[in-house]
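Chains as they are written, first to last, in the numbering used here: chain A, 80 to 409; chain P, 80 to 409.
Ideal placement from N, C-alpha and C gives every residue a C-beta, glycine not left out.
In this text the structure is predicted, and so the values were computed from the model without any measurement.
In what follows, a structure is listed as structure tokens, so that the remarks can point back to it.
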């Protein structure tokens, strides 16, 4: 990458055509914005910058993450993702083949989710002014008519369901970064969970009270946010939390709590207790939700607390992660 | 800024609340996406990363630019901007008061445009992994029913109109970067041109064939894109191009062509010849368009070329800018 690739001139145009031609957005490279059909209802919009390092890791990449992460944020609002935009900040000297892989991964993840990339932008900054590549995506889509989800809608008695194992993404990235000699390597769970969210809503409709994807800060952060916003205590059971053996071992090695580690393809759902069986069945019908399981329940009204019941019958507070945590995990 | 401010944990939450509380998006900080009302027609969506350096310059800042730049891209599609998202990539060690000014500038520019910031994101990267602050914004809004604009819709005989002087933004940033002792300093023209676009459409409706905001690559890049996409030759008259004296002098000093220098608050409109007088009148009725003027016309069908007629009766090709141009100008 040369600085001139980002200047808006001839080099910039040629470059955008050659690398970004694979983005659907490039079909209209000369327009400054995309024009889309009117969506069918209220729309949900979400944006995220992705700065993960390293930008390739087992199970995914910065490109995959940039698509899935934003689509997931739209999906957990009860919406069907309908479009995605992508803005690339590229450090001069970034190998073009690496950039090409990231663009390809992003487009592939969007294709798999059935979501067009409708607009894109590139900026090139000098050597040392960025660390390789940052991608910011924004996504939107129509909120389902039957969606009535919000982090303030967890009620005492509700069931807390998790679509699969925790910590996979965080530990995959940490292990790749530290070049830990794990065999087999931990794979990120990076995936678009929109189909899971839709199956869940098809099965349980308005009995689905909250949906979250537990990314930065992990399960603990997501549950603490729900507990605080809904003014309830959430109780989860340590021995019900699904954690892969390799993830658990790497967590012990690195002194991390899997409940604080990031995920990029998981769904937390708070549903009314009577809808829990059909919700679980719906999630398990999809490959991404095969390991879906009940992990706890919403207990009393409170000022917002997450309690972890251990296998020994004790209970401790599962707090927000504090301090440095895992920088640049997504 | 500390790395822990971006980790998704407690420090991250407190920080987001303190600095980003001024963003309207922070009203719902715990949701991963915003939910918006159904827009009234087709929607236009645009995204851009902003990496300008220095991030404060006469007439604007990275924050102002991040709001205006994207709103302008939406407006030139014939749409009314209705929402904006903002994603911040922050280098560890960035002074919090600088970040606060940028967030405030962004929110103020959005407020002035009457557009809510509906979602935001922050990522913090280590020292040396970014250059201070990068902001990526995405905007959207409903396309006006009477809009029929596109860079492929310039027809022979059409008038080419420019809303004001060229090169102000590019030279303001270059002068600030080089600490040129200009008196008075050149001010960026950074502004939201959506009101100009609407006045123009109100006055000329479907007689407005193309609208563009000439940013990176300046007037030359924007006109070349229109010429190529419409397969026409565009002729502009050098002595009709409005250029401030200070900008012209700085261009001579730096060896730049003002037609290649970036603008951030200008509108190029290609309109049918009979609509040109009312189009000019409409633009001049707004403070941002007081200096609006006819600069040329669409000539014959061709493979796309922009010709500059000089004051001496000669004509030369006004090419796309090539090479390094002005990196990190927006």
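Endpoints, the beta strand (DSSP E) within which residue i is located
i                      : result
residue 160 of chain P : 158–170
residue 200 of chain P : 196–204
residue 38 of chain P  : Look at the range of chain P in this structure, 80 to 409, and you will see that residue 38 of chain P is not part of it.
Residue(s) in a DSSP beta bridge with residue i
i                      : result
residue 289 of chain A : A:349
residue 243 of chain A : According to DSSP, which records beta bridges pairwise, residue 243 of chain A is partnered with nothing at all.
residue 313 of chain P : P:377 and P:385
residue 139 of chain A : A:136
residue 394 of chain P : P:388
residue 114 of chain P : A:123
residue 209 of chain P : A:209
residue 301 of chain A : None; residue 301 of chain A has no bridge partner.
residue 238 of chain A : A:350 and A:376
Minimum C-alpha distance to residue i - residue among the options
i                      : options                       : result
residue 360 of chain A : A:396, A:278 and A:218        : A:278
residue 325 of chain A : A:205, A:309, A:247 and A:169 : A:247
residue 244 of chain P : P:334, P:176, P:345 and P:181 : P:345
residue 417 of chain A : A:375, A:338 and A:336        : Not covered by the structure: residue 417 of chain A. The range shown for chain A is 80 to 409.
residue 275 of chain A : A:152, A:207, A:164 and A:400 : A:152
residue 369 of chain P : P:219, P:240 and P:286        : P:240
residue 219 of chain A : A:127, A:363, A:365 and A:377 : A:127
residue 158 of chain A : A:317, A:272, A:204 and A:182 : A:272
residue 285 of chain P : P:399, P:358 and P:364        : P:358
residue 212 of chain P : P:340, P:178 and P:114        : P:178
residue 382 of chain A : A:168, A:282, A:406 and A:312 : A:312
residue 201 of chain A : A:229, A:171 and A:148        : A:171
residue 268 of chain A : A:302, A:342, A:317 and A:156 : A:342
residue 407 of chain P : P:263, P:253 and P:174        : P:253
residue 226 of chain A : P:263, P:165, P:166 and P:114 : P:114
residue 122 of chain A : A:135, A:145, A:155 and A:146 : A:155
residue 303 of chain P : P:231, P:334 and P:287        : P:231
residue 327 of chain A : A:264, A:309, A:132 and A:135 : A:264
residue 367 of chain A : A:387, A:173 and A:270        : A:270
residue 132 of chain A : A:255, A:169, A:207 and A:390 : A:255
residue 299 of chain P : P:190, P:134, P:384 and P:199 : P:384
residue 350 of chain A : A:379, A:288 and A:378        : A:288
residue 203 of chain P : P:191, P:166 and P:185        : P:166
residue 281 of chain A : A:333, A:238, A:224 and A:330 : A:224
residue 120 of chain P : P:222, P:141, P:210 and P:390 : P:222
residue 169 of chain A : P:209, P:141, P:176 and P:135 : P:209
The alpha helix (DSSP H) enclosing residue i, as first and last residue numbers
i                      : result
residue 123 of chain P : Residue 123 of chain P -> not in any alpha helix (DSSP H); beta strand (DSSP E) instead, spanning 122–129.
residue 219 of chain A : First-last for residue 219 of chain A: 212–222, but that is the beta strand (DSSP E), not the alpha helix (DSSP H).
residue 191 of chain P : 175–191
residue 226 of chain A : Run containing residue 226 of chain A: none; DSSP gives neither H nor E here.
residue 276 of chain P : 273–283
Inter-residue spacing [alpha-carbon to alpha-carbon] between residue i and residue j
i                      : j                      : result
residue 336 of chain A : residue 290 of chain P : 54 Å
residue 400 of chain P : residue 297 of chain P : 8 Å
residue 129 of chain P : residue 216 of chain P : 8 Å
residue 193 of chain P : residue 161 of chain P : 8 Å
residue 392 of chain P : residue 321 of chain P : 18 Å
residue 372 of chain A : residue 348 of chain A : 10 Å
residue 323 of chain P : residue 137 of chain A : 55 Å
residue 433 of chain A : residue 228 of chain A : Outside the shown range of chain A (80 to 409) lies residue 433 of chain A, about which nothing can therefore be said.
residue 353 of chain A : residue 315 of chain A : 18 Å
residue 188 of chain P : residue 235 of chain A : 43 Å
residue 363 of chain A : residue 196 of chain A : 29 Å
residue 148 of chain A : residue 144 of chain P : 26 Å
residue 124 of chain P : residue 338 of chain P : 27 Å
residue 397 of chain A : residue 387 of chain A : 6 Å
residue 414 of chain A : residue 164 of chain A : Nothing can be reported for residue 414 of chain A, as the shown portion of chain A is limited to 80 through 409.
residue 410 of chain P : residue 394 of chain P : Since the displayed chain P opens at 80 and closes at 409, residue 410 of chain P lies outside it and no answer follows.
residue 293 of chain A : residue 318 of chain A : 19 Å
residue 233 of chain P : residue 238 of chain A : 60 Å
residue 340 of chain A : residue 329 of chain A : 11 Å
residue 139 of chain A : residue 186 of chain A : 13 Å
Distance cut-off 7 Å: residue i Cβ against heavy atoms of the ligand GDP
i                      : result
residue 220 of chain A : As far as ligands go, the structure on display features none, and thus does not contain the ligand GDP.
- Write down every uninterrupted run of the beta strand (DSSP E) in the region 324–382 of chain P whose length is 3 residues or greater and which is fully enclosed by it, in chain order. Entirely contained in the region 324–382 of chain P, the beta strand (DSSP E) runs reaching 3 residues are, in chain order, 347–350 and 372–380.
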